[in-house]
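Worksheet for the structure shown next.
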Amino acid sequence: MSAALDLILLGASWLHVLLAPYTKVEESFNLHATHDVLFYGVGPAALPKYDHFIFPGAVPRTFIGSALLAWISAPAIHLAHWFGLLSSKADIQVVVRLVLATCNTSGFSYLRRSVSHRYGGIAGVMFVLLTITQFHIPFWMGRTLPNMFALLPVNIALCRLWDRAPNATRPTARGIDISIVLLVFASVVFRAEVAVLLAAVVLQALWSRRTSLLRVIKVGLISSFVSIGLTVAIDTYFWRQRPIWPELYGVYFNVVQGKSAEWGVSPFHTYFAIHLPKLLLTSILLAAFGALIDGRVRTLLFPSVMFVFILSFLGHKEWRFLVYVVPTFNVAAARGATYLATRKKSSLIGRLAFLVVVGCLSANLLATVIFSRSSMDNYPGGEALARFNEIYAGQPNLHVHISNLAAQTGASLFQQVNSPPYMTVLGIDSRDPATPWIYNKTEDVTPEQLTAHRKITHAIAEVEPMEVASSLEAAGFLKGSWKPTDVVTSFDRLAFDVQAFKADYTKPWRVLNFVESEKLAILERR
């Protein structure tokens, strides 16, 4: 049973990777850093080829997660090649994401064991069911966001606090020490906001006298010095700058200088009223019930609630900043669901309680199916570049310009299958083109400039959601120089068609339409 539950967690995360294999701009740094470490190595002569020197971002990010992911992925890549599953670099991107999803799944499996140990086997089952029927965790745990690199050490740290005898009132001193070390490492290296969760954990431990202030200071200082030394040493090497601590620079840039506000500012209540319910779906109701009936759950939730409360004072808010507390709320929800599902079915209340759990899981699953279906068609850049590679396979001397929208929605380095570095550098046989293609991502290029640049043979251009030819002509294309060879659509919105439901009551799913529109066109020079 235990192995089956772990496989269910793994299967859910893998399924989301396979259904939506492409990535977006927020994942690009770590994805491209992983690509560069894999294909170029980490020697000094290789660094100038790295993508972050060609397209530097506003804020440096750590290479620690990407380098580890690349090295862990290497055996999996060769195994996939041995089974005949690799046909191009694009497949390697999928393997890398599957490896990341597997790593994060191991953290959730550890949590599941802890839940089963502390709250019972049924609670462990409920934890798995709640986790896989929520959209965000399974969908994103295989994506190369910095938050997903931080998620594994955070999950292990929280598990060390929970994993104890069912009626034990406090964790072991060693468990608290390990939690502090892991949370310090995650906040110093990957995501600075984890420090807020660390502060809440330490505050609770000190208030309840589970540890001493002197011990916290000692463990905190040692782990901080080691983590800072590690990230400064490694990232200074990869960035080839003066000593650099990427997360400290990110805090200075986003919080001190207030640059994060340029991406939008939300009211104080946004995390509690919008983002947390969106992450948890109906599980938030079960979590509240679990906290109501079990004092252990209230103790468990305290650091997470404090974390959300403190982050609410920051103006810029995103759901991914809360991802670390979702497992905690799911533990609380699992406890509530277990209580309801184990009531005696001989009574009306017992049957209704069971139906509440089934209804919550069903509602979660329905929402996840809808979110997943819409997200599958939300990466037009990846789809466009894949189609381009397929349409012009085998042709030499191609030079394609990739528009900004395409670059931000899936046209990653792994998709540039006909330009070096090729899979042969990994010891994998591949059919490399006789003449490498050029994938050009130069920004802020007008249609007139593309037309004047005679060496550019193709373009993946943005189009408005109207008749494609009119859109391209209005943008400055199609004036005798270009012709469209394919058009890529992408998800726009959900639409409800009540008339379709009235026409055929046996097919209720037809009431929901996934509306798409044209986003990108593949152009060929005439």
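According to mature numbering (1 follows the signal peptide of the UniProt record, and there is no 0), the residues represented by the sequence shown are -19 to -1, 1 to 507, in order. All C-beta atoms in this analysis are idealised placements derived from N, C-alpha and C, irrespective of residue type, glycine included. For clarity, every value in this text was computed on a predicted model and none was experimentally measured.
Next on the checklist: In the DSSP output, which residue or residues are listed as bridge partners for residue 504?
Outcome noted: Its beta-bridge partners are 440 and 465.
Item to check | Contained beta strand (DSSP E) runs [length at least 3] in the stretch 395 to 440, N- to C-terminal order | outcome: Entirely contained in the stretch 395 to 440, the beta strand (DSSP E) runs reaching 3 residues are, in chain order, 419 to 421.
Checklist entry - Residues in its own chain within less than 8 Å of residue 405 by CB, not counting five upstream and five downstream? => result In chain order, 411 and 413 place their CB closer than 8 Å to the CB of residue 405, counting only its own chain and leaving out the 5 sequence neighbours on each side.
Item to check | Sufficient close CB pairs (3 or more, under 8 Å) joining the stretch 273 to 286 to the stretch 114 to 132 | outcome: Short answer: they don't touch.
Checklist entry - Using a Cβ-Cβ cut-off of 6 Å (strictly less than) and excluding sequence neighbours within five positions of residue -8, which residues of its own chain qualify? => result Only 113 and 119 meet the Cβ criterion.
Next on the checklist: On the DSSP bridge list, what partners appear for residue 20?
Outcome noted: Checking the DSSP bridge columns, you'll see residue 20 has no partner listed.
Next on the checklist: Along the chain, where does the alpha helix (DSSP H) containing residue 203 start, and where does it finish?
Outcome noted: Where residue 203 is concerned, the enclosing alpha helix (DSSP H) stretches over 194 to 220.
Next on the checklist: With three or more beta-carbon pairs closer than 8 Å as the criterion, would you say the stretch 198 to 212 touches the stretch 18 to 25?
Outcome noted: Between the stretch 198 to 212 and the stretch 18 to 25 there are fewer than three inter-stretch CB-CB distances shorter than 8 Å, so the stretches are not counted as touching.
Checklist entry - Considering only residues of the same chain and omitting the five flanking positions on each side of residue 104, which have a CB-CB separation below 7 Å? => result Hits under 7 Å: 96, 97, 315, 316 and 319.
Checklist entry - Could you check where the alpha helix (DSSP H) with residue 157 kicks off and where it finishes? => result From DSSP, the alpha helix (DSSP H) with residue 157 extends over 154 to 170.
Item to check | Residue from -18, 261, 338 and 140 with nearest C-alpha to residue 348 | outcome: It is 261 whose Cα lies nearest to the Cα of residue 348.
Next on the checklist: Once DSSP output is grouped into helix, strand and coil, what is the label at residue 68?
Outcome noted: Of the three classes helix, strand and coil, the one that applies to residue 68 here is coil, per DSSP.
Next on the checklist: In this structure, how does DSSP classify residue 270 when only helix, strand and coil are distinguished?
Outcome noted: The answer is helix: DSSP assigns residue 270 an H, G or I state.
Checklist entry - Are the beta-carbon atoms belonging to residue 504 and residue 465 less than 7 Å from one another? => result Cβ distance < 7 Å, so residue 504 and residue 465 count as in contact.
Checklist entry - Does the beta-carbon of residue 494 have 16 or more other beta-carbons within 10 angstroms, so that it is buried, or is it exposed? => result With fewer than 16 other Cβ atoms from the protein chains shown falling within 10 Å of its own Cβ, residue 494 counts as exposed.
Next on the checklist: Let's test the definition: count the other Cβ atoms within 10 Å of the Cβ of residue 38 and tell me whether it reaches 16, buried, or not, exposed.
Outcome noted: Answer is exposed; the Cβ neighbour count stays below 16.
Next on the checklist: Three or more C-beta pairs under 8 Å: does that hold for the stretch 44 to 51 against the stretch 7 to 16?
Outcome noted: Output reads yes: the stretch 7 to 16 touches the stretch 44 to 51.
Item to check | Same chain, Cβ closer than 7 Å to residue 401, five either side skipped, listed in chain order | outcome: So the list reads 417, once near-sequence residues are dropped.
Next on the checklist: Taking the beta strand (DSSP E) that residue 383 belongs to, which residues open and close that run?
Outcome noted: Boundaries of the beta strand (DSSP E) around residue 383: 380 to 383.
Checklist entry - Is residue 395 buried or exposed, if buried means 16 or more other CB atoms sit within 10 Å of its CB? => result It is buried - the Cβ of residue 395 has at least 16 other Cβ atoms within 10 Å.
Next on the checklist: Considering Cα atoms alone, identify which of 328, 426 and 379 is closest to residue 415.
Outcome noted: Minimum Cα distance to residue 415 is reached at 379.
Checklist entry - Is DSSP giving residue 499 helix, strand or coil here? => result Strand, per DSSP.
Checklist entry - What are the residues that DSSP puts in a beta bridge with residue 474? => result DSSP lists 496 as partners of residue 474.
Checklist entry - Taking the alpha helix (DSSP H) that residue 259 falls in, what are its first and last residues? => result Start and end: 257 to 261.
Checklist entry - Which one of 102, 180, 372 and 507 has the shortest CA to CA distance from residue 291? => result Of the candidates 102, 180, 372 and 507, the residue whose Cα lies closest to the Cα of residue 291 is 180.
Item to check | Span of the alpha helix (DSSP H), counted from its first residue to its last, around residue 323 | outcome: First-last for residue 323: undefined, no H or E at that position.
Item to check | Proximity of residue -11 and residue 75 at Cβ, strictly below 7 Å | outcome: Taking 7 Å as the Cβ cut-off, residue -11 and residue 75 do not qualify as a contacting pair.
Checklist entry - Taking just the CA atoms, how far does residue 268 sit from residue 145? => result Residue 145 and residue 268: Cα-Cα distance of roughly 21 Å.
Next on the checklist: With the cut-off set at 7 Å, would you say residue 101 and residue 136 are in Cβ contact?
Outcome noted: Residue 101 is not a Cβ neighbour of residue 136, given a cutoff of 7 Å.
Item to check | Beta-carbon proximity check, residue 41 vs residue 227, cutoff 7 Å | outcome: Contact: yes.
Item to check | Assumed close pair residue 71, residue 398 - CB separation to whole angstroms, cut-off 8 Å | outcome: Contact between residue 71 and residue 398 holds: CB atoms are separated by about 6 Å, below the 8 Å threshold.
Item to check | CA-to-CA distance, residue 141 to residue 198, given in whole angstroms | outcome: In this structure, the alpha-carbon of residue 198 lies about 19 Å from that of residue 141.
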